[in-house]
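Below is one structure; the comments refer to it alone.
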Amino acid sequence: MIRVAAVGDIHMGLESQGVLRPAFETLSDCADLLLLAGDLTRHGTPEEARVVAQEVRDLPVPVVAVLGNHDHHDEQPEKVAALLEDAGVRVLEGEGTIVECGDTRVGVAGTKGFGGGFVGRSAGEFGEPLMKEFVRYSRRCADGLRTALEELERQGCGTRVALTHFSPVADTLAGEPPEIYPFLGSYLLAEAIDTAGADLSVHGHAHAGTEHGMTAGGVRVRNVAQPVIRRAFNVYHLHAD
Numbered sequence: 086m087i088r089v090a091a092v093g094d095i096h097m098g099l100e101s102q103g104v105l106r107p108a109f110e111t112l113s114d115c116a117d118l119l120l121l122a123g124d125l126t127r128h129g130t131p132e133e134a135r136v137v138a139q140e141v142r143d144l145p146v147p148v149v150a151v152l153g154n155h156d157h158h159d160e161q162p163e164k165v166a167a168l169l170e171d172a173g174v175r176v177l178e179g180e181g182t183i184v185e186c187g188d189t190r191v192g193v194a195g196t197k198g199f200g201g202g203f204v205g206r207s208a209g210e211f212g213e214p215l216m217k218e219f220v221r222y223s224r225r226c227a228d229g230l231r232t233a234l235e236e237l238e239r240q241g242c243g244t245r246v247a248l249t250h251f252s253p254v255a256d257t258l259a260g261e262p263p264e265i266y267p268f269l270g271s272y273l274l275a276e277a278i279d280t281a282g283a284d285l286s287v288h289g290h291a292h293a294g295t296e297h298g299m300t301a302g303g304v305r306v307r308n309v310a311q312p313v314i315r316r317a318f319n320v321y322h323l324h325a326d
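My numbering puts the first residue of the sequence shown at 86, with every later residue one more than the last.
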């Protein structure tokens, strides 16, 4: 049994140092790895990223992350990612990584993702260049996720997790105003997950959403935004293949 700890939307600022560290230091007792589902900072500044880096440095389990929209706000996402990487975090964007959990190799594929909405109520790749680029960016994120999941399967990972910031399904947005669903996720992410296959999908972003959902293909989806789970992290169990 693989124990996956996950949380997103911790939104750490300069005064946040040490808030989550005591809980994170207990991870070896209850989890095999920690997933961070984006919006780790408030405004995406290097100073805030250093706070996050100190919070997760030298933890007793591997840490894998994606960035969120807040982590892009200061337009320095590469620096945010680099500071986290220096602290030992594997930061993914259209990539996968393999975590050794005992005798099991767990593959994690990650992308921030983007918006666009869900089947029947989604943006189309038509019209003005800005609208077309909006949808194309969502598609590129989804394509990167699919490719990463497929590559992990080729590398022999029978257990795979999709890690995103934006949601792949509308289920986990219940509680949010329907008018903003298109800005909270995209069905393209779910299509990528179902096409490539995964055992679990984890995301954040929807602070007023719902924890539990599922893709059309039957993959479990969990919204781990901290305002939703209301704790330092939640732990999900996967059967090892």
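We put the beta carbon where it would ideally sit given N, CA and C, even for glycine.
Helix or strand or just coil, what does DSSP make of residue 226? Here residue 226 refers to the residue found at position 141 of the sequence shown. Helix, per DSSP.
Where does residue 126 fall in DSSP's three states? For the purposes of this step, residue 126 is taken as the residue at position 41 of the sequence shown. Note: residue 126 maps to strand in three-state DSSP.
Can you have a look at residue 116 and say buried or exposed, based on whether 16 or more other CB atoms are within 10 angstroms of its CB? Residue mapping note: residue 116 aligns to position 31 of the sequence shown, counting from 1. Buried, because 16 or more other Cβ atoms sit within 10 Å of the Cβ of residue 116.
Residue burial classification, residue 97 (beta-carbon count within 10 angstroms, cutoff 16): In the sequence shown, counting from the first residue as 1, residue 97 sits at position 12. Flag for residue 97 reads buried.
Going by Cα to Cα distance, which pick from 247, 206, 321 and 212 is closest to residue 271? Numbered from its first residue, the sequence shown carries residue 271 at position 186. Nearest option by C-alpha distance: 206.
Would you say the segment 308 to 326 touches the segment 138 to 155, given that touching needs at least three Cβ pairs under 8 Å? no
Return the first residue and the last residue of the beta strand (DSSP E) that residue 285 is part of. Here residue 285 is taken as the residue at index 200 of the sequence shown, counted from 1. From DSSP, the beta strand (DSSP E) with residue 285 extends over 285 to 288.
Okay, do the segment 300 to 308 and the segment 246 to 255 touch, 3+ Cβ pairs below 8 Å being the bar? yes
Which ranges would you report for the beta strand (DSSP E) in the segment 235 to 298 if only whole runs of at least 3 residues count? 244 to 249 and 285 to 288
If I'm right that residue 250 touches residue 197 with Cβ under 8 Å, what's the distance once you round it to whole angstroms? Along the sequence shown, one-based indexing puts residue 250 at 165. Along the sequence shown, one-based indexing puts residue 197 at 112. With 8 Å as the limit, residue 250 and residue 197 qualify as a contact, their Cβ atoms being about 5 Å apart.
Distance, Cα to Cα, residue 213 vs residue 86? What you label residue 213 is simply residue 128 of the sequence shown in a count that begins at 1. What you label residue 86 is simply residue 1 of the sequence shown in a count that begins at 1. Going from the Cα of residue 213 to the Cα of residue 86 covers about 49 Å.
Between the beta-carbon of residue 240 and the beta-carbon of residue 183, is there less than 8 Å? Counting from 1 along the sequence shown, the entry for residue 240 is found at position 155. Counting from 1 along the sequence shown, the entry for residue 183 is found at position 98. Yes, the Cβ-Cβ distance between residue 240 and residue 183 is below 8 Å.
Among 223, 157 and 148, which residue has its Cα nearest to the Cα of residue 186? Within the sequence shown, numbered from 1, the residue matching residue 186 stands at position 101. The shortest C-alpha separation from residue 186 is found at 148.
For the alpha helix (DSSP H) containing residue 106, name the first residue and the last one. Sequence index remark: in the sequence shown, residue 106 carries index 21 (1-based). Looking at the DSSP string, the run of the alpha helix (DSSP H) that includes residue 106 is 106 to 109.
Nearest to residue 228 by alpha carbon, out of 158, 126 and 278? The residue you call residue 228 lines up with position 143 of the sequence shown. The candidate whose alpha carbon is nearest that of residue 228 is 278.
Tell me whether residue 262 is buried or exposed, calling it buried when 16 or more other Cβ atoms sit within 10 Å of its Cβ. Reading the sequence shown from its first residue, position 177 is the one you call residue 262. Burial call: exposed.
Which residues share a DSSP beta bridge with residue 97? The residue labelled residue 97 in the question sits at position 12 within the sequence shown. According to DSSP, residue 97 bridges with 126.
Pairwise C-alpha distance: residue 189 and residue 307: Translated into positions along the sequence shown, residue 307 becomes position 222. Translated into positions along the sequence shown, residue 189 becomes position 104. Computed Cα separation, rounded: 22 Å.
Strictly by DSSP, which residues pair up with residue 186? Against the sequence shown, residue 186 aligns to sequence position 101. Partner(s): 189.
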